[in-house]
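In my numbering, the protein residues as written are 1186 to 1390.
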């Protein structure tokens, strides 16, 4: 069992991972609904929420009018997925509902179209929602198909750390991902997480 300091390190790592997965902040992911901004920032957040809500409403109407339009389904699923980045900071119930809707739409799409990007978003959404069964199944299937996809290695490592309490396996996947990452910000975040996970290993001995 980890001590208090080790658990704090784990929370820091997961916060960084969530930033990469969906662009949200630490508090937004772990304390949805908490006000973390000044008035101007809150207004900007509200405006962004209204924009995403309008986008979702438009795409829902478009999908209802033409339910066989696959691209509209994809756009709607992505809109819910990205909207959750905002609702995470405003309303925990709507945040969870956005993730559920995104997952439902992605699952429907994957029944007719194999798409690793959609499957990865579904896995990430399942992770954030706490649907461990779906997240594990999706990540492991993706690993078989794309064993050198750094985003898959990254997400699966997060799942292993947070839900399986397995920092050693998480480290293995993150170290494998590091030389495959081209984006400098992603690389730096991943390197920081590797360092933090290595610290957990030292403290666990």
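Note that CB positions come from ideal geometry on N, CA and C, so glycine has one too.
Predicted model only: the values in this text are computed from it and were never measured.
Buried versus exposed, by CB contacts within 10 Å (16 or more), residue i
| i | result |
| --- | --- |
| residue 1283 | buried |
| residue 1304 | buried |
| residue 1364 | exposed |
| residue 1268 | buried |
| residue 1333 | exposed |
| residue 1349 | exposed |
| residue 1336 | buried |
| residue 1318 | exposed |
| residue 1306 | buried |
| residue 1258 | buried |
Between the CA atoms of residue j and residue i - distance to the nearest angstrom
| i | j | result |
| --- | --- | --- |
| residue 1380 | residue 1347 | 16 Å |
| residue 1212 | residue 1274 | A caution first: residue 1212 carries a pLDDT of 33, below 50, which makes its placement in the model too unreliable to give a value. |
| residue 1286 | residue 1331 | 26 Å |
| residue 1357 | residue 1308 | 19 Å |
| residue 1374 | residue 1250 | 42 Å |
| residue 1256 | residue 1236 | 20 Å |
| residue 1298 | residue 1272 | 29 Å |
| residue 1315 | residue 1281 | 10 Å |
| residue 1208 | residue 1389 | Note on residue 1208: pLDDT 45, under 50, position unreliable in the model; the coordinate value appears next. Approximately 30 Å between the Cα atoms of the pair. |
| residue 1276 | residue 1247 | 26 Å |
| residue 1289 | residue 1296 | 11 Å |
| residue 1233 | residue 1313 | 21 Å |
| residue 1385 | residue 1352 | 8 Å |
| residue 1377 | residue 1367 | 16 Å |
| residue 1322 | residue 1262 | 19 Å |
| residue 1292 | residue 1279 | 20 Å |
Count Cβ pairs between the region 1239-1248 and the region 1223-1231 that sit closer than 8 Å; are there 3 or more?
no
Can you list, in chain order, the stretches of the beta strand (DSSP E) that have 3 or more residues and sit fully within the region 1286-1344?
none
What ranges does the beta strand (DSSP E) occupy inside the region 1245-1293, keeping only unbroken runs of at least 3 residues that lie completely in it?
none
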